[in-house]
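Numbering (my numbering), first residue to last: 2 to 615. Ideal placement from N, C-alpha and C gives every residue a C-beta, glycine not left out.
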């Protein structure tokens, strides 16, 4: 059994080692894996243990057709600060005077990598740039991608971008909140409302007016992307088949159809309620009505109260009727600045009567109240089905005069500029590596050279796992219980199955009979001879006793004859006993030769054998 437990413990240790190795390998692979990265990024991920100082940064370069790119690593050219004011706002905050800077990240810095940073608090910011080439919505997808880092967290503010609609009168110096845009995309947060916007302005083909269509909220929790102070990659993909995808860090967080998953819908309903239709006066919407034939019973008393005094209640013994429940505080003193003319006569504050603390109660005793068994309340006729019920009235439907059907809302207004028009109560919002293109491979390679490197540096600079667990437990104290259980369970199982058990006295006593004692043929023969000697002595003692009895009884032939018969019988019995003993001894010797486990038992049985008396 002990041998089996040793093998069990060894197997547990081997399985634990293999599992830990697999988990460690999977963790490393998960940390370095970035979807669709090129070979250069993958090689950088293999060297993830290097510090950020050893990372060599190169400005990302597009590898295919693009409509706009910006890394902010060189001279900030092409970007225009807005000089206008926000309408319908107080003059002291209406101006777009928020400050922008181009600088490196505060944490997890990559030497040479810079971004555009929003620096001002509680101010309006507006900056924009023309696209390298206008994007026309025809048969190519639209991919918009950029990085955001809330370096100080975020209280209330946005980090979304606007793709400005192409027009002849577009002037970036007058870019403000009402400048026409085609698409708005990006994160936004205020209070505990975490959003990821995707809004596009759809043109009504009948009226020519534009309406905003909002994508439904993602089902995932977005909170961590706003509070972890890490650089995150935001991507919007619009396809010619009228579908869309929103991704964060190259993982899809929301997707849907432009025709089915926008609010309000792109296409209006075919029928609408007739605004001129009115409900008839005799229309009865009541499913139930009081029974007109019901009559109140004669014994129904509506005046009975719901509660009455309990007549069976008895005042508790020791109740002090003459003692008030509260008495003036004897230790209270009138304040020195008390003016009786202004404040009136001073009275000491009331405190609970100390005499009432050891008795059932003080003051006037009142019987407790109980439910009145005669109470029935106000009588109401029972409800019955309304024979005139006509259902819930609704206006009749008529054809929608504004109905239209746009089967391809992807065909939006052409985009010719990109802009950031933001208000924030938190500073140091970092933007970097903008790209607008049509090929997913181009966007992924661009992300690998920019965001992928930032992710690599951030991973290398992360604290050890133990520090992360402690930090998480500080935010969520209930995790300590989980940690204790996680550590105690394998330790307890290891002690239970692998610790050697101590043998108790009961176990030793129980196992003693199992110990075999070897007996040789010589010992068995000697025992048999001793047994024969004992039998001869017993026989002689018996003969002496018989002789003494004969002398007491007298001489007689018959008695002597009887005694001789008895002796003969005894001798015959003795011979039979000797034969049986001899055969038994031989059998016992034979068994002793064949087995060494039953020596003691045979020895005891031989010693207990005696000549049977007749």
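Where residue i falls: helix, strand or coil (DSSP)
i	result
residue 216	strand
residue 176	coil
residue 424	strand
residue 534	helix
residue 343	helix
residue 441	helix
residue 80	strand
residue 398	strand
residue 154	strand
residue 291	strand
residue 349	coil
residue 541	helix
residue 448	helix
residue 356	helix
residue 321	strand
residue 470	helix
residue 33	Residue placement at residue 33 is flagged as unreliable, the pLDDT there being 37, under the threshold of 50; the coordinate-derived value follows with that caveat. Reduced to three states, the DSSP call for residue 33 is helix.
residue 332	coil
residue 572	For residue 572, the pLDDT reaches just 48, beneath the cut-off of 50, and the residue's location in the model is therefore unreliable, leaving the point undetermined.
Residue i: first and last residue of the uninterrupted alpha helix (DSSP H) it sits in
i	result
residue 459	452–461
residue 435	No alpha helix (DSSP H) contains residue 435, which is instead part of the beta strand (DSSP E) from 430–438.
Beta-carbon gap between residue i and residue j smaller than 8 Å
i	j	result
residue 443	residue 142	no
residue 119	residue 436	no
residue 85	residue 175	yes
residue 235	residue 249	yes
residue 129	residue 415	no
residue 224	residue 195	yes
residue 241	residue 140	yes
residue 197	residue 247	yes
residue 58	residue 116	no
residue 455	residue 208	no
residue 68	residue 434	no
residue 397	residue 275	yes
residue 79	residue 131	yes
residue 438	residue 94	no
residue 258	residue 278	no
residue 458	residue 149	no
residue 356	residue 305	no
residue 411	residue 205	no
residue 81	residue 173	yes
residue 124	residue 98	yes
residue 291	residue 255	no
residue 180	residue 165	yes
residue 83	residue 201	no
residue 445	residue 61	no
residue 267	residue 203	yes
residue 427	residue 153	yes
Any non-hydrogen atom of the ligand FMN within 7 Å of residue i CB
i	result
residue 325	You won't find the ligand FMN in this model; it holds no ligand whatsoever.
Opening and closing residue of the beta strand (DSSP E) in which residue i lies
i	result
residue 487	Segment 480–499 is the alpha helix (DSSP H) holding residue 487; no beta strand (DSSP E) there.
residue 165	162–166
residue 145	143–151
residue 328	327–329
residue 384	384–386
residue 393	Looking at the DSSP string, residue 393 is not in any beta strand (DSSP E), and its letter there is neither H nor E.
residue 310	308–310
residue 371	370–372
residue 69	67–71
residue 272	272–274
Give a yes or no on contact between the stretch 296–303 and the stretch 417–433, applying the rule of three or more CB pairs nearer than 8 Å.
no
Can you list, in chain order, the stretches of the alpha helix (DSSP H) that have 4 or more residues and sit fully within the stretch 178–265?
224–228
Run through the stretch 93–130 for me and flag every whole beta strand (DSSP E) of 3 or more residues, listed as ranges in chain order.
101–104, 116–119
Does the pairing of the stretch 147–164 with the stretch 183–194 give three or more beta-carbon distances under 8 Å?
yes
With a threshold of 8 Å, are at least 3 pairs of Cβ atoms found where one atom belongs to the stretch 385–396 and the other to the stretch 283–290?
yes
Validate contact between the stretch 372–384 and the stretch 333–352 using beta carbons, cut 8 Å, 3 pairs:
no
Under 8 Å: do the stretch 358–374 and the stretch 309–325 share three or more Cβ pairs, one atom per stretch?
yes
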